[in-house]
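Here is the structure we will look at, set down as structure tokens.
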């Protein structure tokens, strides 16, 4: 344990030589993968407006940004860059353990008018006690990605799939018409994404929206778990981790996948040969006229408290995140879905997408943003998630009489692990 | 202190200083941490919080159970296998011995990340060669990664593959230190090869095998890489989560250093207890 810390801080010390101190208007950013590339794609437009501010994006990889930020905050902020990328579900962990490590953005120009540009579900984790620790960046409105050709062969019209029972019936038809395929895949090995997506759609989550009580055994969550087991038992969803889902997509073995809309880029770049064969439809609901909107994943940008160029750093965040120009550039270049509500009015969003068979997927997907119910990550997210996954595995294997008993047990375990009370 | 010693200690000082800073202090510090609530800001002294949770935490008992299952099944199987491999390697009938010795030892040299990736591919439920073999002889395919029992078997196979050869080489060295005239005398007395193995080889090898067992026990108590990489962080649903993984998850995913420290001390205490038990069981009869 001490070794990991040691190596993290040594590499941090090496890294600390480059950023911040050099010039008065350089801004350094830690980010990862496509997110880092997307940020770089906004620099051209940004430097037209602010030619004097030099922005450097370091692509360190997702785990590295988390580990290094953690180590740096534990060391009093030493070596942090000006801007750090923080994933929303991890965000509260940082604010609650290291509140002094980040700058209150409201003091820099993140006014309440600007905050209102973003949907509530993106802001719940980023603002605490009137302090805005980070500004929302991308989000993951959930959608079902499907193979048009497989559905057509089975005579299934996705517009008729309104609830999960329709999805099961359609799945049986699709799998009968296309031997060797599966309707959809879920990561029952190392993730809980299906539960989190459907539960969020139904307005339920591990914790209440104020983060003060445990709600995992509420009726909507129980109904969600029951339905997932029903789908698994019907054989229309099988277990597959992230990589295996991509393999199945490319090999034509999956008829659909459900994920946050950022999965668009993964399908498009992972299976370029299948252009025109994929489409998108809204996620089914538990009831006939139930909600169809949920969120999975997404990040935000925070300014470190040790930054010497807070104003310049805010100018960049302001440009990249609160303007259509910045957000839509990142949507175009790397498929990062804007949290910014006004992005739906951008001409690009309304354009039909050739890869998706000419469907206007972005306006379809972004239209769900205002309907998404907040789902609080809380500092206890990873504990609760691990407990949920263990319960899910045991429930699938017949270890509980029913879903209610399973989630009651999960709720009790989360209570032990976090000290939070069960919701009434 | 005589001046001679003082000079010696002066030379040792840089090492002792580093040892104290990076070994002794963290050990004390994490002991103190285990009594603190590290999930509030600032940290608070709350002695019963972490230890109380440890006693009641199903995740801890699950990790303990998984670790002990590996300990009870994998370690004896591997040591037995290593002994057989060592005896075969020691056979005078064997040609090209250095080649085999290297082949058995090679898995230790292979990087953990690389072999984990290969195991994942081989055991993939849909595309893996292992399931192809299983179905070709008429059995149903096994979903290695989403069935907790199958995942545990997979971890045991992987760890055994990696470490059996290493132990075999150590045991081989022990075999070669047994003087040949003991066997010669036994052969003259018409003792069968099997009897020789049971009554000469095994008793003389006992200290070596014990050494391997203690090493393997400590290794298993700290088992981390295989369940982290092969079964996706101890999946499915904690089915292969070991104590080492639980410690990592609490410390570096949940940022709960206090609880992680309590787990760390428990692991260390268990490793010591089991090693002592090992030595006691195999003690020399008085």
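Protein chains in written order, with UniProt numbering: chain A, 1 to 424; chain B, 1 to 286.
Note that beta-carbon positions come from the ideal geometry of N, C-alpha and C, so glycine has one too.
{"Item": "Where the alpha helix (DSSP H) containing residue 142(B) begins and where it ends", "Value": "Counting along the chain, residue 142(B) falls outside any alpha helix (DSSP H), and DSSP gives it neither H nor E."}
{"Item": "Terminal residues of the alpha helix (DSSP H) in which residue 59(A) lies", "Value": "Careful: residue 59(A) lies outside any alpha helix (DSSP H), inside the beta strand (DSSP E) at 54 to 59."}
{"Item": "Per-residue contacts from residue 44(B) into chain A (C-beta, under 7 angstroms)", "Value": "The premise fails here: residue 44(B) is roughly 13 angstroms from chain A at the closest Cβ pair, so nothing lies under 7 angstroms."}
{"Item": "Short-range partners of chain B found in the segment 379 to 406 of chain A, where Cβ spacing is below 8 angstroms", "Value": "379, 380, 382, 383, 386, 387, 389, 390, 391, 392, 393, 394, 397"}
{"Item": "C-beta neighbour in chain A for residue 238(B), strict 8 angstroms", "Value": "yes"}
{"Item": "Residues within the segment 85 to 116 of chain A neighbouring chain B, beta-carbon criterion of under 7 angstroms", "Value": "93, 96, 97, 99"}
{"Item": "C-beta atoms of residue 39(A) and residue 320(A) nearer than 8 angstroms", "Value": "yes"}
{"Item": "Residue 51(B) versus residue 251(B): straight-line alpha-carbon distance, rounded", "Value": "15 angstroms"}
{"Item": "Secondary structure of residue 117(A), DSSP reduced to three states", "Value": "coil"}
{"Item": "Below-8 angstroms beta-carbon distance, residue 39(A) vs any chain B residue", "Value": "no"}
{"Item": "Own chain partners of residue 296(A) with C-beta closer than 8 angstroms, once the 5 adjacent residues on each side are dropped", "Value": "140, 142, 193, 196, 197, 200, 259, 260"}
{"Item": "Pair within 8 angstroms by beta-carbon distance, residue 104(B) and residue 174(B)", "Value": "no"}
{"Item": "Distance CB(residue 275(A))-CB(residue 352(A)) smaller than 8 angstroms", "Value": "no"}
{"Item": "Residues that residue 127(B) contacts on chain A, provided the C-beta gap is smaller than 9 angstroms", "Value": "244, 247, 251"}
{"Item": "Beta-carbon neighbours of residue 327(A), restricted to chain B and to distances below 8 angstroms", "Value": "By Cβ distance, chain B contributes nothing, its closest Cβ being about 30 angstroms from residue 327(A), past 8 angstroms."}
{"Item": "Partner residues on chain A for residue 332(B), Cβ-Cβ distance less than 7 angstroms", "Value": "Residue 332(B) falls outside the range modelled here, since chain B spans only 1 to 286, and no answer is possible."}
{"Item": "Neighbour list for residue 189(A) in chain B, Cβ cutoff strictly below 7 angstroms", "Value": "145, 146, 232, 235, 236"}
{"Item": "For residue 290(A), the three-state DSSP class (helix, strand or coil)", "Value": "coil"}
{"Item": "Cross-strand partners of residue 30(A) (DSSP beta bridge)", "Value": "58(A), 84(A)"}
{"Item": "Through-space distance from residue 60(A) to residue 33(A), alpha-carbon basis", "Value": "8 angstroms"}
{"Item": "Cβ pair residue 300(A), residue 137(A) closer than 8 angstroms", "Value": "yes"}
{"Item": "Distance between residue 70(B) and residue 80(B) (C-alpha atoms, nearest Å)", "Value": "15 angstroms"}
{"Item": "Reduced DSSP secondary structure (H/G/I, E/B, other) of residue 262(A)", "Value": "coil"}
{"Item": "Interface partners of residue 241(A) on chain B, CB under 8 angstroms", "Value": "145, 232"}
{"Item": "Per-residue DSSP class, three states only, for residue 97(B)", "Value": "helix"}
{"Item": "Collapsed DSSP secondary structure at residue 205(A) in the structure displayed", "Value": "coil"}
{"Item": "Local conformation of residue 283(B) per DSSP, three classes", "Value": "coil"}
{"Item": "Exposed unless 16 or more other CB atoms sit within 10 angstroms - verdict on residue 407(A)", "Value": "buried"}
{"Item": "Nearest to residue 80(A) (by Cα), restricted to the options 304(A), 383(A), 322(A)", "Value": "304(A)"}
{"Item": "8 angstroms Cβ cutoff, residue 255(B) in contact with chain A", "Value": "yes"}
{"Item": "Three-state secondary structure (DSSP) of residue 136(B)", "Value": "helix"}
{"Item": "Contact between the segment 65 to 74 of chain A and the segment 83 to 101 of chain A (3+ Cβ pairs under 8 angstroms)", "Value": "yes"}
{"Item": "Straight-line Cα distance separating residue 278(A) from residue 146(A)", "Value": "6 angstroms"}
{"Item": "Cα-Cα separation, residue 183(B) to residue 221(B)", "Value": "38 angstroms"}
{"Item": "Per-residue contacts from residue 181(A) into chain B (C-beta, under 9 angstroms)", "Value": "None at all; the shortest Cβ gap to chain B is about 12 angstroms."}
{"Item": "C-alpha distance - residue 22(A) paired with residue 42(A), whole-angstrom precision", "Value": "At residue 22(A) the pLDDT is 42, less than 50, meaning the model places this residue with poor confidence; the figure from the coordinates comes in the next sentence. If I take the Cα positions, the gap works out to 23 angstroms."}
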